[in-house]
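Residue numbers (the working numbering): 693 to 947.
Here it is as structure tokens:
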């Protein structure tokens, strides 16, 4: 973790943080995001192409570059949550957290006793940041974030109970999957009127619980709507999409 204000401190202080979304299997993209102006990068290990080694190296690049490293783990891959935190990630986003039991399991692997059962020994985070393990351990539970994804009707119905789980730091809305599951598989409509109303309700309930509200934003307008709705942590801009868009524009330069 950076010796400057960490991600958790920024969010708890009421700051808004925009993160890039990284899917491609190379740490260089994390560095390029930081050079482009992003202060945070989210590594998508659920649908992205990174291996654990590539995620580890990306996290290192972000720490060295003064940015914040976030990792979305695979479904039910809670053990890797602990490993990614040991590597230096500041936030773990876990998909398909549908119940209190799911949320407690996430906390179990992300927090040290007595909140959880994370084991002692964070080599990557301490070596890269230049701090001792004792220094890291003293504040790790406050400075690393366990975030549950809300993307099903079951999760939405259990939201207030999930938010009540001790040690859970907040939620992250997957608007496409939420709209898909709520519609029973009939449509993917993350910016429909019904979807936006649901997203606003989630943000309000999360804020009322004193926790962090995050969301994946699909357009610039959706990003602005999400900020107005009360989301503090937002992701917008995916490496593969941005590269293809820029490449398409450059390829037409002579036309």
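Positions of the beta carbon are idealized from the N, C-alpha and C atoms, including for glycine.
Check: Which residue from 899, 730, 829 puts its Cα closest to that of residue 921?; Outcome: 899
Check: DSSP state of residue 814, grouped into three classes?; Outcome: coil
Check: Along the chain, where does the alpha helix (DSSP H) containing residue 720 start, and where does it finish?; Outcome: 720-727
Check: Looking only at C-alpha atoms, which of 765, 777, 721 sits nearest to residue 750?; Outcome: 721
Check: With DSSP run on the structure shown, which of helix, strand or coil describes residue 730?; Outcome: coil
Check: Please report the residue range of the beta strand (DSSP E) in which residue 908 lies.; Outcome: 904-908
Check: Tell me, please, which residues DSSP counts as bridged to residue 764.; Outcome: 736, 785
Check: If you reduce the DSSP assignment to three classes, tell me which class residue 865 lands in.; Outcome: strand
Check: Going straight from the alpha carbon of residue 885 to that of residue 913, what length do you get?; Outcome: 13 Å
Check: If the criterion is Cβ atoms closer than 7 Å, does the pair residue 840 and residue 854 meet it?; Outcome: yes
Check: Give the range of the alpha helix (DSSP H) segment to which residue 747 is assigned.; Outcome: 744-756
Check: What residue does the alpha helix (DSSP H) around residue 936 start on, and which one ends it?; Outcome: 931-943
Check: From this set, 893, 866, 757, which residue's C-alpha is nearest residue 880's C-alpha?; Outcome: 866
Check: On the CB-based measure, 16 or more other CB atoms within 10 Å of its CB, does residue 847 come out buried or exposed?; Outcome: buried
Check: Just the Cα atoms here: how many angstroms apart are residue 872 and residue 827?; Outcome: 44 Å
Check: Helix or strand or just coil, what does DSSP make of residue 710?; Outcome: strand
Check: Just verifying my parser: in three-state terms, what is the DSSP assignment at residue 886?; Outcome: helix
Check: Assign residue 861 to buried or exposed, taking buried as 16 or more other Cβ atoms, counted over all protein chains shown, within 10 Å of its Cβ.; Outcome: buried
Check: For residue 918, is the classification buried or exposed, using 16 other Cβ atoms within 10 angstroms of its Cβ as the cut-off for buried?; Outcome: buried
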